[in-house]
Amino acid sequence: MSLRTDVVVDLQYGDCGKGKITHHLAHTQKYSHVLRYNGGCNAGHTIFHQGKKFVTHQIPAGVFFGIKSIIGSGCVVSPEQFFKELQMLEEGGIDTKGKIFIAKNAHVITEQNKEEDTKVGGAIGTTGQGNGPAYRDKYGRTGVRAEKVPELAPYLIDLYDEWYGDADVQILAEGAQGFGLDIDWGDYPFVTSSHCTTAGALLNGLPPNAVKDVWGVAKIYETYVGSKKFQPEGAIFDKIGDIGEEFGATTGRRRQVNWMDMQTLERAIRINGVTHVVFNKVDVLREAGQWAVIDKDKVIPFSDEKTMQQFVSDRLKQLNILPDHIFFSESKDRI
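Under the numbering used here, the residue at position 27 of the sequence shown is numbered 27, and the numbers go up by one with no gaps.
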């Protein structure tokens with residue numbers, strides 16, 4: 001048997017189009033499994049499939065192509081939202097039967113977790129879905145595992161048995177949130193409660209030497225949803241937000257906008273071991289008619305799209321990203 005894993009990781013603050021990239025790779029590559037490796041229903045992955053728009057919060061994108069899709073041990077699961085999402089997919093014409101599973105050692109978001117998050121999570125801008133309290137209970141050893149919830153029993157799976165059986169296993173690991181929100185590497189305390197990096201995928205029973213390709217996903221500009229001040233003064237940022245329809249897929253809150261920060265991007269690429277980079281929404285800056293990045297705390301403007309893309313590509317080549325592994329995308333459903 002052989003075990004290979006490709007990882008999709010967000011290089012910014014979430015909302016960069018990981019769902020689109022996962023959906024595209026699941027369609028164009030051969031995978032036996034798609035694994036959601038961190039987070040919970042606080043995520044919102046927007047996917048366009050056969051002309052229909054879906055927003056998934058917990059269920060991996062492999063289900064759209066009949067690939068075995070697993071919510072991993074690094075996740076926290078809301079049973080209520082899980083069953084709502086199953087219903088949404090079925091009503092949208094997606095066959096989920098025998099396709100979706102939950103790691104038996106994943107933890108569950110309880111009603112008490114959600115109530116607590118709604119009351120106290122506003123200070124750092126959480127989604128109020130109960131993720132933070134559920135992770136706290138997990139590490140405080142007072143949490144509830146999925147294997148203790150009877151209604152989840154038909155969906156439970158042992159990740160060790162799944163990865164280390166007799167068959168060849170090819171996994172696409174789908175991350176949630178983003179590097180800038182990672183519990184260790186983000187701007188603490190304005191972070192999520194899980195490990196959003198490539199290393200977070202390994203916590204689901206995968207060895208480091210199983211990782212092959214790491215797809216880093218970013219926008220050609222940055223967005224952030226939360227309580228801290230992120231967006232600078234200037235009408236251009238509201239314009240970009242309007243053109244890009246920058247509203248949270250889970251909360252509906254307006255996202256703050258800024259230019260892409262090259263130092264933050266390079267840091268994320270190095271720490272995550274990225275081999276491929278996809279920049280989404282390049283058409284948004286084209287329609288806005290302005291192009292810029294932040295480099296060493298200074299705004300670097302460009303006269304046109306081509307000049308900006310060449311600047312960014314040259315910097316990525318210095319990080320050993322091959323030229324044909326750098327993509328500038330404007331499509332909603334493919335790279």
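Cβ atoms here follow ideal geometry from the backbone N, Cα and C, with glycine treated the same way.
With burial defined as no fewer than 16 other Cβ atoms inside 10 Å of the residue's Cβ, what is the status of Thr142: buried or exposed?
-> With fewer than 16 other Cβ atoms within 10 Å, it is exposed.
Name the two residues that bound the continuous beta strand (DSSP E) containing Phe101.
-> For Phe101, the uninterrupted beta strand (DSSP E) segment begins and ends at 100-103.
Quickly, what does DSSP pair Val144 with across the bridge? List them, please.
-> DSSP, once it has assigned bridges, lists no residue as partnering Val144.
Could you tell me which of Asp168, Gly74, Phe311 sits nearest to Asn131, measuring between CA atoms?
-> When only C-alpha atoms are compared, the closest one is Gly74.
List the endpoints of the continuous beta strand (DSSP E) containing Trp291.
-> For Trp291, the uninterrupted beta strand (DSSP E) run begins and ends at 291-295, by DSSP.
Are at least three pairs of beta-carbons, each pair with one atom in the segment 287-294 and one in the segment 253-265, less than 8 angstroms apart?
-> Counting Cβ pairs under 8 angstroms, three or more are found: they touch.
By how many angstroms is the C-alpha of Asp304 removed from the C-alpha of Gln112?
-> C-alpha separation (whole angstroms): 52 angstroms.
Give the C-beta separation of Ile47 and Gly19 to the nearest angstrom, bearing in mind that I take them to be a contact with Cβ-Cβ under 8 angstroms.
-> Here Ile47 really is in contact with Gly19; their C-beta atoms are around 5 angstroms apart, less than 8 angstroms.
Nearest-angstrom Cα distance between Gly186 and Gly180?
-> One C-alpha to the other measures close to 4 angstroms.
Could you tell me how far apart the beta carbons of Leu172 and Val34 are, in whole angstroms, since I believe they sit closer than 8 angstroms?
-> By a beta-carbon distance limit of 8 angstroms, Leu172 contacts Val34. Their separation comes to about 5 angstroms.
Starting from the C-beta of Gln170, find all residues in its chain whose C-beta is less than 7 angstroms away, skip the five residues before and the five after it, and write them out in chain order.
-> Correct list, in chain order: Arg4, Lys30, Tyr31, Ser32.
Endpoints, beta strand (DSSP E) assigned at His57 | Where His57 is concerned, there is no enclosing beta strand (DSSP E), given that its DSSP letter is neither H nor E.
Buried or exposed: where does Asn258 fall if 16 or more other Cβ atoms within 10 Å of its Cβ makes it buried?
-> Looking at its Cβ environment, which holds 16 or more other Cβ atoms inside 10 Å, Asn258 is buried.
For Ile376, which residues from the same chain have a beta carbon less than 7 angstroms from its beta carbon, with the 5 sequence-adjacent residues on both sides left out?
-> The displayed coordinates of the chain run from 1 to 335. Any statement about residue 376 would go beyond what the structure contains.
Would you identify the three-state DSSP class for Phe230, choosing helix, strand or coil?
-> Residue state, collapsed to three classes: coil.
What are the start and end residues of the alpha helix (DSSP H) that includes Ala43?
-> Careful: Ala43 lies outside any alpha helix (DSSP H) and carries neither H nor E.
Jot down the residue ranges of each uninterrupted beta strand (DSSP E) in the segment 165-220, minimum 3 residues, whole runs only, in chain order.
-> Correct list: 169-174, 211-219.
What do you reckon, are the CB atoms on Gly216 and Asn272 nearer than 8 angstroms?
-> Less than 8 angstroms separates the beta-carbon of Gly216 from that of Asn272.
Taking DSSP as the reference, what is the three-state secondary structure of Leu316?
-> Leu316 falls in the helix class under three-state DSSP.
Whole angstroms is fine: what's the gap from Thr110's alpha carbon to Ala134's?
-> Answer to the nearest angstrom: the Cα atoms are 7 angstroms apart.
When DSSP builds the beta bridges, which residues end up paired with His49?
-> Answer by DSSP bridge pairing, in chain order: Lys52.
Any idea if Val7 is buried or exposed, counting beta-carbon neighbours within 10 angstroms, 16 or more meaning buried?
-> Within a 10 Å sphere around the beta-carbon of Val7 sit 16 or more other beta-carbons, which makes this residue buried.
Local Cβ density within 10 Å of Asn209, reported as buried at 16 or more and exposed below that | The residue is exposed, with fewer than 16 neighbouring Cβ atoms inside 10 Å.
How would you write the range of the alpha helix (DSSP H) that Val274 sits in, first residue to last?
-> Val274 -> no alpha helix (DSSP H), and no H or E assigned at all.
What is the DSSP secondary structure of Arg136, reduced to helix, strand or coil?
-> In the structure shown, Arg136 sits in a helix (DSSP, three-state: H, G or I).
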